[in-house]
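Some notes on the structure that comes next.
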Amino acid sequence: MGAKGWFILKLLMFQGLFVSRPQEDFDFFYLVLQWPGAYCDTKRACCYPTSGKPAADFGIHGLWPNYNGGSWPSNCDPDSQFDRSQISDLVSSLKKNWPTLSCPSNEGFKFWEHEWEKHGTCSESVMDQHDYFENALKLKEKANLLQILTNSGINPDDGFYSLTKITNAIKNGIGFTPGIECNKDPERNDQLHQIYICVDTSGTEFIECPVLPRGRCPSQLQFSKF
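Using mature numbering (1 follows the signal peptide of the UniProt record, and there is no 0), the letters of the sequence shown map in sequence onto residues -22 to -1, 1 to 204.
And the structure:
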């Protein structure tokens, strides 16, 4: 590039016209589903929501826009604040399928607000607030992870199961390879904690993951009771 070309490039950058990609742009979603037994079986505090102990099932952690390179956008629109009136028809389903386990015990609105403002606002180009939560609920139902695992003899009974067996069971069930994330309980057992399923930019269809999460699990992990 000659001196003239560099000058034009610098001028465009200075004027704010040279942008590699808009912040709200993204390549795919992670649907992140969390096993409550593993969340609660750690040294940090766990509180059941005000509606009571959730069902022994995977709960939604979030629907997170991501880039193919492994990074992600966040808090894309500070002006787009969470409005609970927009999801009034979804609250009962959210309490069941997207329960909060943080302390102190609460209804879940703070959790949903955090997820919308950090992650959901980065997907406003394809879905509004109601669609964001509704799509996540539909995807969770579509995945039906607990049924997939129990059908393969993988049960939340504090037993230890092969990471390969867990991964293959989910892959066979949904048609795509999941990402698996573990944590450790106070006895230092590695536990099945979160499962990442990749979703297209419409937020409706599962796809093969362009990149898997960085979390690593050992070859054997515990599927804890809840």
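Glycine included, every Cβ here is placed at the ideal spot set by N, Cα and C.
Keep in mind it's a predicted model, so treat the numbers as computed, not measured.
Host beta strand (DSSP E) of residue i (start-end)
i, result
"lysine 162", "157 to 162"
"glycine 40", "37 to 44"
"aspartate 168", "168 to 177"
"phenylalanine 138", "137 to 140"
"glutamine 198", "198 to 201"
"glutamine 12", "6 to 12"
Through-space distance from residue j to residue i, alpha-carbon basis
i, j, result
"lysine 203", "phenylalanine 36", "12 angstroms"
"glutamine 198", "tyrosine 139", "5 angstroms"
"lysine 31", "cysteine 24", "11 angstroms"
"histidine 171", "arginine 62", "28 angstroms"
"serine 49", "threonine 28", "35 angstroms"
"proline 164", "phenylalanine 201", "15 angstroms"
"histidine 92", "serine 70", "18 angstroms"
"proline 82", "alanine 147", "36 angstroms"
"alanine 33", "glutamate 186", "29 angstroms"
"aspartate 55", "aspartate 5", "18 angstroms"
"glutamine 125", "asparagine 84", "28 angstroms"
"lysine 21", "leucine 123", "26 angstroms"
"lysine 73", "histidine 108", "15 angstroms"
"serine 80", "glycine 193", "22 angstroms"
"arginine -2", "aspartate 135", "A caution first: arginine -2 carries a pLDDT of 43, below 50, which makes its placement in the model unreliable, though a value can still be read off. The alpha-carbon atoms of arginine -2 and aspartate 135 are separated by roughly 46 angstroms."
"leucine 9", "glycine 137", "25 angstroms"
"valine 104", "proline 43", "11 angstroms"
"threonine 179", "cysteine 195", "28 angstroms"
"proline 191", "serine 66", "32 angstroms"
"lysine 116", "leucine 11", "13 angstroms"
"valine 189", "glycine 86", "30 angstroms"
"glutamate 2", "glutamine 64", "Unreliable placement is indicated for glutamate 2, whose pLDDT of 47 sits below 50; the coordinate value is still reported in the next sentence. Using only the alpha carbons, I get a separation of about 21 angstroms."
Residue i and residue j closer than 8 angstroms at C-beta
i, j, result
"lysine 96", "asparagine 46", "no"
"phenylalanine 111", "leucine 68", "yes"
"threonine 145", "isoleucine 132", "no"
"lysine 118", "asparagine 75", "yes"
"serine 101", "glycine 40", "no"
"phenylalanine 60", "tryptophan 94", "yes"
"asparagine 161", "alanine 16", "yes"
Rounded Cβ spacing between residue i and residue j (contact assumed at less than 8 angstroms)
i, j, result
"alanine 121", "isoleucine 152", "6 angstroms"
"residue 218", "lysine 149", "Residue numbering for the chain in the displayed model covers -22 to 204; residue 218 lies beyond these limits and cannot be assessed."
"phenylalanine 89", "threonine 78", "4 angstroms"
"phenylalanine 184", "isoleucine 175", "6 angstroms"
"aspartate 57", "glutamine 169", "Not a contact, Cβ separation roughly 39 angstroms."
One or two residues paired with residue i in a DSSP bridge
i, result
"tyrosine 26", "In the DSSP output, where bridge partners are listed per residue, tyrosine 26 has none listed."
"phenylalanine 154", "According to DSSP, phenylalanine 154 bridges with nothing at all."
"residue 224", "The first residue shown for the chain is -22 and the last is 204, placing residue 224 beyond what the model contains."
Extent of the continuous alpha helix (DSSP H) to which residue i belongs
i, result
"tyrosine 125", "According to the sequence shown, residue 125 is glutamine rather than tyrosine. Taken as a continuous stretch (DSSP letters only), the alpha helix (DSSP H) holding glutamine 125 covers 123 to 129."
"histidine 92", "87 to 96"
"asparagine 75", "69 to 75"
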